[in-house]
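Step one of this worksheet: look at the structure below.
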Amino acid sequence: MSKLSDSEIARMHPETLALSYGFDPWLSEGAVKPPVFLTSTFVFKHAADGKQFFAWAHGEGTPPPRREMGLIYSRINNPNLEIFEDRVALWEGMKDACSFSSGMAAIATTLLATHQPGDEMIVCAPVYGGTDSLIHHFLKRFGIAAHFVPAGVDAPALAEPLVTARTRSIYIESPANPNNRLTDIGRMKELALRHGPAQAGRGAGRILVIVDNTMAGPVFAQPAKVGADIVLYSATKFIGGHSDVVGGVALANDETLLTAIAQHRALLGGMPNPYTAWLLTRSLETLKIRAEQQQRNAVQVAAFLTSHAKVRKVLYIGLLAPDDPEYAIYRKQHTGPGSLISFYIRGGEREAFQFLDHLKVFRLAVSLGSTESLAQHPATMTHSGLSPEDKKMGGISDDLVRLSIGIENAEDLIWDLQQALESA
Ligand SMILES: Cc1ncc(COP(=O)(O)O)c(C=O)c1O
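Using our numbering, read the sequence shown as starting at 3 and increasing by one per residue.
This is how it looks when you write it as structure tokens:
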């Protein structure tokens, strides 16, 4: 049991609770850190408990809240998954979370849990290439259609005429990957409510606002505070933060939604293994200091890039001018600009590749949010599967490079960028 009362917990910050919340040492021999519960199954105290659980699983009676269910089998629940889920929900300021074996498992399971054949989605483009393929190809096969609008200030106005009685969700990445465009989540929520079930006679169900917050959160943005119903993560990125683990998270405040997602996770089998959940829990302890150092470095790197003759344009939300229409969204949704920078190099693929091949400190690798700085070429790597039209909509041209800034010394990073740009 925690020595902190509920009211004391309520006044603590996530970086404090990340070190202890949700773990009782006295259930584990007094261990300060949670052990890895490497077990596939858990002992029932009585046969009647097992019978009761399976009755609930078959839809008989009303099951208790997820956390009160008792431990059953590690595809359904496990202490390492639960400790991670409790702590990540604190960071997001949300009621509950469901952890996954990857960001894609979180996204795919959530969309399958919340959509039926015949439903439609409105998607703010660009989205991560894997998500784009999932929506364009996989979900389409199951009769779930999508309309794409460009992310940015105009997205709500462009989305509104696309809403039909079949619209089930508005899917947003903000900042969008890789062009860092911001979309107003609160305005999308207003749109969802305007066209929701209260609109008598339309036969409309509730429209969910689903936000992939991988790029900004949870330290610098918490989308549920401005209207998101479901928040998704590739925990492989900032949450894991060390390029040594792949994981994902879905969060919701509505218990019915979270239960549906958890039930689909149990059916599809996309839960993380206990060691993955343990690693992610370990990483949450340093999340804030990592993210803040990465951001401090990114601000310096972005300033350097804007002044370099070989750079045509830098896309970084820390560079938004107060008169830029996206600045108001930034102020509403973010407490800091984070550490993802994209930029257009003068030239095309040849110059971009020369630059990437000359980097010595930055690693030439996809992914983002880790302690080491990474650089990649979205048009031929993370977003290579997008159609030419979608690449155009997202500004993903051959001269675009994406940087994820790590925790190294900023002077060393700038030195590396300088020498690689000179070779391009
Ligand atoms: C914004 C975003 N969402 C989701 C994913 C997918 O996550 P994962 O690779 O953990 O499956 C990625 C991966 O790069 C991403 O960048």
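Glycine residues also receive a C-beta, built at the ideal position from the N, C-alpha and C atoms. Because the structure is a prediction, the values reported are computed rather than measured.
Hey, could you find the ends of the beta strand (DSSP E) residue i is sitting in?
i	result
residue 314	313 to 317
residue 190	Run containing residue 190: none in the beta strand (DSSP E); it sits in the alpha helix (DSSP H), 187 to 196.
residue 211	210 to 214
residue 170	169 to 175
residue 405	402 to 406
residue 159	From DSSP, residue 159 is part of no beta strand (DSSP E) but of the alpha helix (DSSP H) over 157 to 161.
residue 332	Element bounds for residue 332: not the beta strand (DSSP E) but the alpha helix (DSSP H), 327 to 335.
I need the boundaries of the alpha helix (DSSP H) containing residue i, first residue and last residue.
i	result
residue 13	8 to 13
residue 149	Residue 149 -> not in any alpha helix (DSSP H); beta strand (DSSP E) instead, spanning 147 to 152.
residue 269	257 to 270
residue 279	276 to 286
residue 425	412 to 425
residue 82	81 to 94
residue 304	289 to 308
residue 20	No alpha helix (DSSP H) contains residue 20, which DSSP labels as neither H nor E.
residue 59	49 to 59
residue 217	Segment: none, residue 217 is in no alpha helix (DSSP H) and carries neither H nor E.
residue 26	Note, residue 26: premise wrong, no alpha helix (DSSP H); not H, not E.
residue 394	390 to 395
Name the DSSP beta bridge partners of residue i, please?
i	result
residue 250	102 and 236
residue 127	152
residue 378	404
residue 342	406
residue 366	377
residue 75	43
residue 122	147 and 169
residue 347	313
Pop quiz: residue i and residue j are said to be a contact at Cβ under 8 Å. What is the actual Cβ separation, rounded to whole angstroms?
i	j	result
residue 372	residue 244	6 Å
residue 328	residue 155	6 Å
residue 225	residue 187	5 Å
residue 170	residue 246	Contact flag wrong, Cβ pair sits at about 36 Å.
residue 344	residue 182	6 Å
residue 86	residue 101	5 Å
residue 340	residue 218	5 Å
residue 253	residue 96	5 Å
residue 111	residue 272	5 Å
residue 401	residue 350	5 Å
residue 137	residue 125	6 Å
With three or more C-beta pairs closer than 8 Å as the rule, is the region 340 to 356 touching the region 374 to 384? yes
Between the region 260 to 271 and the region 85 to 92, do three or more beta carbon pairs fall short of 8 Å? no
Kindly confirm or deny that the region 296 to 305 and the region 103 to 111 touch, where touching means at least three C-beta pairs closer than 8 Å. no
Evaluate contact between the region 278 to 288 and the region 229 to 244, counting only Cβ atoms and requiring at least three cross-stretch pairs below 8 Å. yes
Does the structure place the region 218 to 235 close enough to the region 109 to 117 that three or more beta carbon pairs sit under 8 Å? A contact exists between the region 109 to 117 and the region 218 to 235.
Does the region 405 to 414 come within contact of the region 141 to 149, defined as at least 3 CB pairs closer than 8 Å? no
Determine contact between the region 386 to 405 and the region 325 to 339, defined as no fewer than three beta-carbon pairs at a distance below 8 Å. They do not touch, by the three-pair rule.
Counting beta carbon pairs with one atom in the region 173 to 182 and one in the region 312 to 322, are three or more of them shorter than 8 Å? yes
Using a Cβ distance threshold of 8 Å, determine whether the region 389 to 399 contacts the region 357 to 365, with at least three qualifying pairs required. no
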